[in-house]
Structures are given as C-alpha cells and as structure tokens.
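Protein sequences appear in the order of chains A and B. Residues 9 to 123 in my numbering are what the first sequence spells out, letter by letter. Residues 6 to 119 in my numbering are what the second sequence spells out, letter by letter. Here a beta-carbon is modelled for each residue, glycine too, at the ideal position from N, C-alpha and C.
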Amino acid sequence: DQQVKQNSPSLSVQEGRISILNCDYTNSMFDYFLWYKKYPAEGPTFLISISSIKDKNEDGRFTVFLNKSAKHLSLHIVPSQPGDSAVYFCAASAAGGTSYGKLTFGQGTILTVHP
Amino acid sequence: KAGVTQTPRYLIKTRGQQVTLSCSPISGHRSVSWYQQTPGQGLQFLFEYFSETQRNKGNFPGRFSGRQFSNSRSEMNVSTLELGDSALYLCASSLAPGYNNEQFFGPGTRLTVL
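Written out as structure tokens, the structure reads:
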C-alpha cells in the first residue's frame, strides 16, 4: 500500500524555468511533510518541510505548497539550475507513538535541468 | 558541525553471513532512524532508536536488529543474509524525539550479498 505517491518518475526542465514536483498521500494521519534531494551514492539531503497547519512554506528558491483537502503537496523550484538535477523524494510523518522516527517516502522523481 | 557518518561505505557478503553497520549521528542529535533503499521498494523504514531504546519498528523480519549506545551512536545487524538484503542502508538522525522533526541522512552503506 503506497501511502505516499509521486506519480511522475521523471521531469525535464530548461534552466531558469520553474520545476514543479508533485506528491499525493492517502493517509489522513500524516501531518508533517518533507522534501529531500538525492544524488547517486549519497544519502538524501533535506530541502524543506511543511506542517499541516500551513499551506505554504518558502525557503529561497524552494516553495512547498500543501492542499490538505486534496491530500496533495508540491515543490516549486524557481529558477531551476542544472545543479538541481537529482532525485527528489517526498516524505510524510504522522502523529502518534507508532510513528516515532518514521518517515514514509514516495518513490521519487528524477529532475533533469537542461542548460 | 559534522554530518551523519556511516561505516563502512561498501560491504560485500555472501548468503548466510551476518553484517553489522555503524552510524554516528550529528552531535546533539539523540534520535537515530534506519532505512533500507532498494530499486523495487524505494526507501523503507527499518527502526528508530532514542535513549538506547527502540521505539518504532518497520515491517522487516527479525533478522534485522539494531541498538543504540549511550553516546547516541547506533548499529544495525542483519543475520543470515539473503540475496534480497542487497541494498543501500541509510541512517538518519534528528534533534528531538518528536515525530515532526527533520531527519538528516548519512551517505549510506552499500551492502551487496552474493
């Protein structure tokens, strides 16, 4: 049961344009969401997070939007740079003792930014 | 501040053997989580430790175990290795024991089982 889904396996964008990565979730208990970036042979790097009490969080070129009613979040990267080319993972966590330390990840989206 | 470190980075074992992987969290971080990444299953949660106690466990067989020491360093052990255990094993640390904390990952240990 895939509780966090990234339906686009890959995304190709021109340098300077906006990259939009999408993520859907099914578990209504999820209330904290994170985006990670991963290069091959490295661990995921934390990018940005959002709590369910917000609908937007911004950090430099990265903005995450959360639509709780649609159980959907998205990561916007503006402007996109070639160094942003990596695999992007959406992750979610839920309140409650059974969720301690547990992030549920999507399958990832490969972002390629062309010069 | 040093990041999360994992040793060894690469490991080759044969079926039936056992393996121990090590993780040192970021200084001051007390919660350590372990994940397995495979092409087919993606990133899957293994377990989490805080104050030397396992507080949460993912859906993995009992061959997968771990522990945490008083200095927050953690080890995970896989016994009776199977071919399907070949994966990237990632350790992540976070500052506090709550659920909505950012986790910071190490580079991982690439385990190959022959």
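Check                                                                                                                     : Outcome
Start and end residues, beta strand (DSSP E) containing Ile28 of chain A                                                  : Ser27 to Tyr33
Where the beta strand (DSSP E) containing Ser93 of chain A begins and where it ends                                       : From DSSP, Ser93 of chain A is part of no beta strand (DSSP E); its letter is neither H nor E.
Range covered by the beta strand (DSSP E) that runs through Gly89 of chain B                                              : Taken as a continuous stretch (DSSP letters only), Gly89 of chain B belongs to no beta strand (DSSP E), as it is neither H nor E.
Contacts of Arg35 of chain B in chain A (Cβ-Cβ under 8 Å)                                                                 : None at all; the shortest Cβ gap to chain A is about 11 Å.
8 Å Cβ cutoff, Glu50 of chain A in contact with chain B                                                                   : yes
Span of the beta strand (DSSP E) around Lys64 of chain A                                                                  : Lys64 to Asp67
Contact set between Phe109 of chain B and chain A, taken where Cβ atoms lie within less than 8 Å                          : Phe54
Endpoints, the beta strand (DSSP E) within which Ser27 of chain B is located                                              : Val24 to Ser29
Proximity below 8 Å, CB of Phe50 of chain B to CB of Ser38 of chain B                                                     : yes
Cβ of Tyr33 of chain A within 8 Å of any chain B Cβ                                                                       : no
Interfacial residues, the region 53–79 of chain B to chain A, with Cβ spacing under 8 Å                                   : Glu53, Tyr54, Phe55, Arg60, Asn61 and Gly63
C-beta neighbour in chain B for Gln115 of chain A, strict 8 Å                                                             : yes
Neighbouring residues, chain A, relative to Ser32 of chain B (Cβ below 7 Å)                                               : Those do not exist, as Ser32 of chain B stays about 17 Å from chain A at its closest Cβ, beyond 7 Å.
Contacts of Leu16 of chain B in chain A (Cβ-Cβ under 8 Å)                                                                 : Result: empty, since nearest Cβ-Cβ is about 14 Å, beyond 8 Å.
His122 of chain A classed as buried or exposed, judged by whether at least 16 other C-beta atoms fall within 10 angstroms : exposed
Pick from A:Lys110, A:Leu119, A:Gly24 and A:Glu50 that is closest to Phe38 of chain A, judged by C-alpha positions        : A:Lys110
Neighbour list for Ser38 of chain B in chain A, Cβ cutoff strictly below 8 Å                                              : Gly109, Lys110 and Leu111
Own chain residues within Cβ distance below 8 Å of Gly8 of chain B, not counting five before or after                     : Ile31, Phe109 and Gly111
8 Å Cβ cut-off: residues of chain A touching Pro44 of chain B                                                             : Result: empty, since nearest Cβ-Cβ is about 10 Å, beyond 8 Å.
Pro87 of chain A versus Lys13 of chain A: straight-line alpha-carbon distance, rounded                                    : 25 Å
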